[in-house]
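Below is one structure, written out as structure tokens; comments come after it.
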Amino acid sequence: MPATTTSPRNGLPSAASVVLLTLALAAGCAPVGDAATSAGSGPDDAPAGTDDREVRELEATPATRVGSAVARVPTAVRLPGTDLLDVVPVGTREDGLLDVPADVDVLGWWEGGARVGDPFGSVLLAGHVDSEDEGLGPSARLLTVERGDEVEVRAGGRTTSYAVASRRFVPLDDLGSYPRILSADGPARVTLVTCAPPFLPDEGGYQNLAVVTALPERGAR
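If you use the working numbering, the sequence shown corresponds to residues 1 to 221, in order.
As structure tokens, this is what we get:
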């Protein structure tokens, strides 16, 4: 997701208000300049697996806590082929959206979603694929990960390993068909998102969202 500090179109849905995930995720893919084309002209890989599809309106409402004694806030993540990247909680802005960190080397964790160790739900982590100042970021690895690749999430001083189960390139105008990106239901998982080619400035920027789902591989260490 190309970073910008001036446009209200940059962000993810807040837990404070009911917002369509389709609109809020698409907002993070607005153009910021020529550097934003560095992610390539378009994805050419098939999804590394499948996810259930449910066609319905998405509401960005916070996950209900069930008092899990092991639930922890993520503080760092290692994507396949990257160094350890900082993860920061993403809060609500005045415009009702959650900021994706402007720094391409930092990912944002949606506070309204699941935490590491919760027995169910999506731990949503979002990062910009590139920026005008920094060029291509580590989140670009999400465009090419394969089934079985390892993702490590650091939380509460412990590391939990996840295995990539699927990778999808979802058209921004079809995000409403993928409620599991944000859902508090279903198996415990990490969902990693970033914008994906093609990049069309005249049509608002990136046209797809890379959605990578990873499932717990083993206990925390």
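In this text, a Cβ means the ideal position worked out from N, Cα and C, and glycines have one as well.
Exposure label - residue i; buried when at least 16 CB within 10 Å
{"i": "Pro101", "result": "buried"}
{"i": "Gly113", "result": "buried"}
{"i": "Pro197", "result": "buried"}
{"i": "Gly137", "result": "buried"}
{"i": "Leu84", "result": "exposed"}
{"i": "Asp130", "result": "buried"}
{"i": "Asp99", "result": "buried"}
{"i": "Pro171", "result": "exposed"}
Residue i to residue j span [Cα, whole Å]
{"i": "Gly157", "j": "Asp133", "result": "32 Å"}
{"i": "Asp44", "j": "Leu182", "result": "Note on Asp44: pLDDT 42, under 50, position unreliable in the model; no value is reported."}
{"i": "Gly108", "j": "Arg154", "result": "13 Å"}
{"i": "Gly205", "j": "Phe199", "result": "5 Å"}
{"i": "Asp105", "j": "Pro187", "result": "28 Å"}
{"i": "Arg189", "j": "Pro216", "result": "6 Å"}
{"i": "Gly42", "j": "Ala76", "result": "Its pLDDT being 46, under 50, Gly42 is placed unreliably in this model, and the coordinates cannot settle the point."}
{"i": "Ala184", "j": "Phe120", "result": "7 Å"}
{"i": "Ala210", "j": "Gly117", "result": "24 Å"}
{"i": "Leu142", "j": "His128", "result": "11 Å"}
{"i": "Gly135", "j": "Phe169", "result": "21 Å"}
{"i": "Asp86", "j": "Glu203", "result": "32 Å"}
Neighbourhood of residue i by C-beta, 6 Å cutoff - its chain only, sequence neighbours within 5 removed
{"i": "Asp149", "result": "Pro80 and Val164"}
{"i": "Thr191", "result": "Ser122, Leu124, Ile181 and Thr213"}
Own chain partners of residue i with C-beta closer than 8 Å, once the 5 adjacent residues on each side are dropped
{"i": "Arg237", "result": "No answer is possible for residue 237: the residues shown for the chain start at 1 and end at 221."}
{"i": "Thr82", "result": "Pro138 and Arg141"}
Rounded Cβ spacing between residue i and residue j (contact assumed at less than 8 Å)
{"i": "Val212", "j": "Ala126", "result": "Going by Cβ atoms, the distance from Val212 to Ala126 rounds to 11 Å, so no, they are not a contact pair."}
{"i": "Glu152", "j": "Arg78", "result": "4 Å"}
{"i": "Arg218", "j": "Ser161", "result": "6 Å"}
{"i": "Glu111", "j": "Val90", "result": "6 Å"}
Quiz item: Can you list, in chain order, the stretches of the alpha helix (DSSP H) that have 4 or more residues and sit fully within the region 105-133?
Solution: none
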